[in-house]
Amino acid sequence: LEKFLFILSRKNLSVWKEEAIIEPVIKWTAHDVENRIECLCNLLSYINIDIDPVYLKTALGLQRSCLFTENKIRSLIYNALNPMHKEISQRSTATMYIIGGYYWHPLSEVHIWDPLTNVWIQGAEIPDYTRESYGVTCLGPNIYVTGGYRTDNIEALDTVWIYNSESDEWTEGLPMLNARYYHCAVTLGGCVYALGGYRKGAPAEEAEFYDPLKEKWIPIANMIKGVGNATACVLHDVIYVIGGHCGYRGSCTYDKVQSYNSDINEWSLITSSPHPGKKTWCAGAFSI
């Protein structure tokens with residue numbers, strides 16, 4: 001601690017961005033959080049940043065019973081920054097998560113990339129990972145992993161697992177109304193949507209969403225065409241499902257783009273894909 005304080009207190013210490021000096025403090029604390037969390041406020045007092053010490057001390061006291069992960073510490077510090085510095089928080093707390101996957105067998109790993117430090121770290125492993133072809137989407141700090149199938153029997157699952165990125169913990173969620181795999185999962189209006197997919201080798205048209213406030217899954221209008229291995233995104237409060245496979249065990253390709261308007265609970269056909277039969281990707285964009 002003394003060596004670290006000595007470095008931070010140097011008047012000739014110069015950094016290009018404030019994040020560059022805040023990040024070492026976060027990582028030093030997170031390395032031995034049980035013994036070092038009490039030193040956090042003292043360390044930050046040596047850094048020339050506009051932070052609200054009262055807010056930070058109060059937040060640390062309220063969160064004392066929680067698990068202080070690196071991301072949690074980072075979030076508390078950046079939330080304590082005074083308003084003119086909030087833009088730092090918006091840039092530096094965004095991280096990319098890769099959940100599970102498949103490489104000759106289902107993978108249980110969770111990999112997290114911090115674009116600020118350009119470092120990959122590993123999160124808590126998926127508890128029930130002997131499955132594949134599930135859907136993944138995020139809502140706030142939670143990442144929802146829905147459905148999929150067991151590798152040994154290709155039986156569709158209705159299970160839901162939720163990863164909290166702040167506590168680095170997994171909890172089992174409420175099962176979906178319909179078991180499915182190869183489906184799309186997106187987030188819209190504070191709810192998690194599961195769309196289409198396959199069940200017993202055949203495409204499923206059913207769609208539903210989970211409302212975390214009501215703590216239940218709610219069915220919505222069926223898709224015009226049940227598809228699996230499609231891709232989906234949300235743009236201007238409309239869900240778009242692009243292409244995919246249909247027919248028994250994906251024997252044919254669907255070239256249409258389906259859109260869902262949640263205000264009227266209705267699906268529409270928008271256009272055709274210019275390259276049916278090829279794998280598709282999509283992303284939603286917005287301006288602020």
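Counted the way full-length UniProt numbering counts, the sequence shown spans residues 1 to 288. Cβ atoms here follow ideal geometry from the backbone N, Cα and C, with glycine treated the same way.
CB of residue i within 8 Å of CB of residue j, strictly
{"i": "V136", "j": "G123", "result": "no"}
{"i": "A156", "j": "Y134", "result": "no"}
{"i": "S45", "j": "Y97", "result": "no"}
{"i": "A185", "j": "A194", "result": "yes"}
{"i": "D168", "j": "T29", "result": "no"}
{"i": "K225", "j": "C246", "result": "yes"}
{"i": "I47", "j": "I73", "result": "no"}
{"i": "E132", "j": "G148", "result": "yes"}
{"i": "S262", "j": "D237", "result": "yes"}
{"i": "V145", "j": "I99", "result": "yes"}
{"i": "P203", "j": "V227", "result": "yes"}
{"i": "I77", "j": "L56", "result": "yes"}
{"i": "K160", "j": "L174", "result": "One detail in the question is off: residue 160 reads as Val in this sequence, not Lys. Against a cut-off of 8 Å, the Cβ pair of L174 and V160 comes out as a contact."}
{"i": "L60", "j": "I37", "result": "yes"}
Bridge-paired residues (DSSP) for residue i
{"i": "T151", "result": "According to DSSP, T151 bridges with nothing at all."}
{"i": "T271", "result": "V257"}
{"i": "C39", "result": "According to DSSP, C39 bridges with nothing at all."}
{"i": "G123", "result": "V110"}
{"i": "I143", "result": "C138, Y163"}
{"i": "R131", "result": "R150"}
{"i": "T171", "result": "I162"}
{"i": "Y102", "result": "P106"}
{"i": "I51", "result": "L81"}
{"i": "A156", "result": "Y149"}
{"i": "Y97", "result": "I112"}
Pick from the options that is closest to residue i, judged by C-alpha positions
{"i": "Q258", "options": "I264, N265, I270", "result": "I270"}
{"i": "G190", "options": "E205, I143, A221, N229", "result": "I143"}
{"i": "N222", "options": "A230, A202, G201, G196", "result": "G196"}
{"i": "P212", "options": "I121, L81, W120, C138", "result": "C138"}
{"i": "T95", "options": "I121, W104, S108, L81", "result": "I121"}
{"i": "I218", "options": "I224, N229, E206", "result": "E206"}
{"i": "F209", "options": "I112, E125, N265, W113", "result": "N265"}
{"i": "D128", "options": "E172, P115, I112, N153", "result": "E172"}
{"i": "N153", "options": "V54, I77, R199", "result": "R199"}
{"i": "Y254", "options": "I242, I126, Y260", "result": "I242"}
{"i": "V54", "options": "V145, L81, E23, N35", "result": "L81"}
{"i": "D244", "options": "V238, A232, P115, D237", "result": "For the record, residue 244 in the displayed sequence is Gly; it is not Asp. Checking every option, the nearest Cα to that of G244 belongs to A232."}
{"i": "F6", "options": "W113, P106, N42", "result": "N42"}
{"i": "P274", "options": "N261, K256, Y260", "result": "K256"}
{"i": "H183", "options": "W161, Y163, K214, A230", "result": "A230"}
{"i": "L188", "options": "G228, A202, V160, Y260", "result": "Y260"}
{"i": "D114", "options": "P175, E23, H31, D158", "result": "E23"}
{"i": "Y240", "options": "C39, S272, Y248", "result": "S272"}
{"i": "Y102", "options": "N118, N79, I126, L40", "result": "I126"}
{"i": "C252", "options": "K214, L60, G201", "result": "G201"}
{"i": "T130", "options": "T151, I51, G140, P141", "result": "T151"}
{"i": "T58", "options": "N35, H105, N79, Y163", "result": "N79"}
{"i": "G140", "options": "W104, D158, V119, Y163", "result": "Y163"}
{"i": "N71", "options": "R249, I220, I112, H105", "result": "I112"}
{"i": "C39", "options": "L67, I49, E2", "result": "E2"}
{"i": "I220", "options": "L177, S75, K214, I49", "result": "L177"}
{"i": "I51", "options": "L67, H31, S75", "result": "S75"}
Residue i CB to nearest heavy atom of the ligand FMN below 7 Å
{"i": "K216", "result": "Looking at this structure, you won't find the ligand FMN or any other ligand, since it has none at all."}
Complete beta strand (DSSP E) runs within the segment 174-203 (minimum length 3 residues, chain order) = 184-188, 191-195
| said: Runs of 3 residues minimum, wholly inside the segment 205-265: which ones carry the beta strand (DSSP E) assignment? | reply: 207-211, 216-220, 231-235, 238-242, 256-261
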